[in-house]
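In this note's numbering, the protein residues as written are 1150 to 1494.
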């Protein structure tokens, strides 16, 4: 039986709103990745903080003591809430998205879910997405290198493959690969190809045996999304960003340029309104350069999976209604001082 503590959730949401309120009315660039992929390190690098290699601990540190994104080593998550980070050098707000699959207690997973939804809803627009992958995960070329990330993307977006049009794929932890960027590129592409083929093999096996799930935590529909996603990434392999946080800002400039290009395509689509709101169909013969010249529809709330709640969030919704009872005072029961959570129920 799932134990829902509404008072605890309410208190944590009040605390978390101090972070997510910076997203209100702003353009966002979401930063998504598995716990431990290096999101905080990436964000501090993008915000201009000097990085160095700590030889004793074999970790990357920042020269400055106080940084907006806390660097958490090992696999322990340091984030419970969505964390928008504004910087005067960017016309958007980088937003550190919490790990949806972290091994947290039930109440914390609900807080994370609501925090993410609230951030998106109070923002002006999501202009782009940065999806981070850990280069060291591809050394094994197993599905575990991509499986947890795919679960995050499937949980967040209605169509993760479609969202690739708005995404920068970044590969992190090049400093932990012997051979640096050159070898990291090789093992990443080899790993993605092996994962794609493994997905196809498992899909075929499951369909032949008429089973939905195998011995892993993935179901057949998720394998299909992962195979399509991996194929799409490999189709744009030259666009994968291999991020060297110890460089002099070259990776930072490449990522910034890519986000600007995506942003300008959505703004070009806006300029065309109220006429045709969908881009022309892309044939298989259309080159990547031609695709990149096409306008992109704006990302809307309909592109997110906020209405498809998991068992924890569903149980919380039910608990709220049970608490409200016949008085029908649901809004009062979930008030956190910002009046923004009515949409969750």
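In this text, a Cβ means the ideal position worked out from N, Cα and C, and glycines have one as well.
Subject >> Candidates 1367, 1331, 1154: closest to residue 1299 by CA position >> reply: 1367
Original post:
On the three-state DSSP scale, how would you describe residue 1245?
Top reply: strand
Original post:
Do you know how far the Cα of residue 1242 is from the Cα of residue 1186?
Top reply: 20 angstroms
Subject >> Neighbour-count burial assignment, residue 1321, 16 or more Cβ in a 10 Å radius >> reply: buried
**OP:** Give me the Cβ distance between residue 1399 and residue 1330, rounded to the nearest whole Å; I'm assuming they're in contact under 8 angstroms.
**Re:** Contact flag wrong, Cβ pair sits at about 10 angstroms.
Original post:
Ordered along the chain, which non-local residues of its own chain (more than five positions away) have a Cβ less than 7 angstroms from that of residue 1314?
Top reply: 1445
**OP:** Assign residue 1312 to one of three DSSP states: helix, strand, or coil.
**Re:** helix
Subject >> Limits of the unbroken alpha helix (DSSP H) element including residue 1382 >> reply: 1369-1384
Subject >> CA nearest to the CA of residue 1337, picked from 1409, 1448, 1283, 1175 >> reply: 1283
**OP:** Classify residue 1321 as helix, strand or coil using the three-state DSSP reduction.
**Re:** strand
Original post:
DSSP puts residue 1152 in a beta bridge; with which residues?
Top reply: Note: residue 1152 sits in no beta bridge, so no partner.
Original post:
Is the distance from the Cβ of residue 1375 to the Cβ of residue 1348 below 8 angstroms?
Top reply: yes
**OP:** Please state whether DSSP places residue 1179 in a helix, a strand or coil.
**Re:** strand
Original post:
Does DSSP put residue 1360 in a helix, a strand or coil?
Top reply: coil
**OP:** Go to residue 1447, then tell me how far its alpha helix (DSSP H) extends in each direction, as first and last residue.
**Re:** Neither: residue 1447 is in no alpha helix (DSSP H) and is coded neither H nor E.
Subject >> Distance, residue 1353 Cα to residue 1319 Cα >> reply: 30 angstroms
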